[in-house]
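Residue numbers (my numbering), protein chains in the order written: chain A, 83 to 291; chain B, 83 to 291.
No residue lacks a Cβ here, since even glycine has one placed at the ideal position from N, Cα and C.
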DNA sequence: TCCGATACTGAGCGGGCGCTTAGAGTGCCC
DNA sequence: GGGCACTCTAAGCGCCCGCTCAGTATCGGA
């Protein structure tokens, strides 16, 4: 677990690509509010208030409340995909790359739980067009993990009777971390990442390391 | 996978314990609406309309919209706990009981996805008192699964370095089925249950069956 | 010094929300 | 048959929602 290390860190400059500054502050405020209360329970007045602005200011930078969610979701999914791609294209064997992918993906969900929660659980709040775009990104996420598992099976390292089903389960396990992980809990994101990498290697029937 | 068979079926008479009939129709309508759109995006007018009643009729049977969610959540959690208890108190070894617990729990999440979605993902929409009551039920759910795993470790059937962490992962895997399972998809609840039982046995290091 | 562009605010519009109330319909016990 | 308890509806109250718009402050360039 080293190749994808730098991409799975604590969201180094989070949302740095969002400009200008006011637009980024609004977006960060929206992420926090959506994560705490959910998209539908969050008001535009709440988002603007958290960013220290009047409700009307939001509409200078974003056309609607939904556009905020769309932007958050797309950036988040692109980040998730980048993390998995980095791990999948690593140099080790399938077991090493799968462990790397799982541990960095889990660290992203646990460490950036606020963002991950919005990204993974507010998909249904998007309109049809935006949702379709995001679903395409999710298919790419699935393909990355499936690719590693297929490599392991082809190399004889893994014993996996149902590759698509196991891929689904591995991703499901990682994603659900965003639901239960507690920042004030006893486990650090790194500990959960290591535990989950071990569990996933067992799931694919990789021999003991 | 047989002892918990009858309790994990297709919600045989769903919500049969809710009376009178009008109250049950409203509750079933609320489950569907909450599952489709989420609690906050569902209006009381929508719930009443689905039940074929006027908006005011809802308030004869329930004090608030939140009371509906609370009732749904409590009944659902009690059912989930019953399913796991039945499996945990089965007669086989730890491996058999764990496989039974996972497969029946997964079948409940996949087959009754509508209900399970509300039960598992609308917890935060409850007020503090109701949430505390539900969290107590969830701790009992966790204890049942942890008990089976501990039995397996004590008997030397399982190899589990981190029992609480593995318990968390097993439950997480099952619960997340309610998020991704698609009724129109290619897999039946039974198939997913069997696949997941196998994956979980690998996670706990149980020997091949 | 003035100008236009940009970023923002205060006030508020139309509408839908959760929930209430007055009263009508219905069936059961005496 | 009369009274009552129960169930449900039509109407609507007060509130807050997403979003708009006229107007103000600020600032770089000529």
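Distance, residue j Cα to residue i Cα
i	j	result
residue 288(A)	residue 101(A)	45 Å
residue 169(B)	residue 195(B)	20 Å
residue 284(A)	residue 134(A)	49 Å
residue 140(B)	residue 162(A)	43 Å
residue 153(A)	residue 219(A)	13 Å
residue 233(A)	residue 239(A)	8 Å
residue 235(B)	residue 279(A)	21 Å
residue 268(A)	residue 286(B)	22 Å
residue 126(B)	residue 157(A)	34 Å
residue 98(B)	residue 113(A)	40 Å
residue 105(A)	residue 142(A)	9 Å
residue 148(B)	residue 136(A)	31 Å
residue 109(A)	residue 123(B)	22 Å
residue 167(A)	residue 138(B)	54 Å
residue 212(A)	residue 174(B)	49 Å
residue 228(B)	residue 130(A)	44 Å
residue 210(A)	residue 265(B)	19 Å
residue 206(A)	residue 217(A)	11 Å
residue 248(B)	residue 193(B)	25 Å
residue 270(B)	residue 197(B)	17 Å
residue 160(B)	residue 107(A)	43 Å
residue 185(A)	residue 185(B)	26 Å
residue 119(A)	residue 132(B)	26 Å
residue 146(B)	residue 146(A)	30 Å
residue 96(B)	residue 96(A)	46 Å
C-beta contact flag for residue i and residue j at 7 Å
i	j	result
residue 115(B)	residue 128(B)	yes
residue 259(B)	residue 282(B)	no
residue 237(A)	residue 183(A)	no
residue 230(B)	residue 180(B)	yes
residue 117(A)	residue 199(A)	yes
residue 254(B)	residue 201(B)	no
residue 144(A)	residue 151(A)	no
Contact test: residue i Cβ vs the ligand HEM heavy atom, cutoff 6 Å
i	result
residue 242(A)	Among the components of this structure there are no ligands whatsoever, and the ligand HEM is therefore not found.
Rounded Cβ spacing between residue i and residue j (contact assumed at less than 8 Å)
i	j	result
residue 121(A)	residue 204(A)	5 Å
residue 164(A)	residue 172(A)	About 13 Å; that fails the 8 Å criterion.
residue 262(A)	residue 208(B)	Going by Cβ atoms, the distance from residue 262(A) to residue 208(B) rounds to 17 Å, so no, they are not a contact pair.
Closer than 8 Å is the cut-off here; do at least three beta carbon pairs connect the segment 223-240 of chain A with the segment 241-248 of chain B? no
Check distances from the C-beta atoms of the segment 114-147 of chain B to those of chain A and list, in chain order, the residues that come in under 7 Å. 120, 122 and 123
Stretch-stretch touch, CB-based, cutoff 8 Å, three pairs: the segment 268-282 of chain B with the segment 189-197 of chain B: yes
What residues in the segment 278-291 of chain B bring their beta carbon closer than 9 Å to a beta carbon of chain A? 278, 280, 281, 282, 284, 285, 286 and 287
Tell me which residues of the segment 252-276 of chain B have at least one Cβ-Cβ distance to chain A shorter than 7 Å, keeping chain order. 254, 255, 257, 258 and 262
Members of the segment 224-236 of chain A near chain B, C-beta cut-off 7 Å: none
Select from the segment 236-247 of chain B all residues with a C-beta closer than 7 Å to any C-beta belonging to chain A, and list them in chain order. 244 and 247
Counting only Cβ-Cβ distances shorter than 8 Å, please list the residues of the segment 191-221 of chain B near chain A, keeping chain order. 203, 206 and 207
Residues from the segment 144-170 of chain B in contact with chain A, defined by Cβ distance under 7 Å: none
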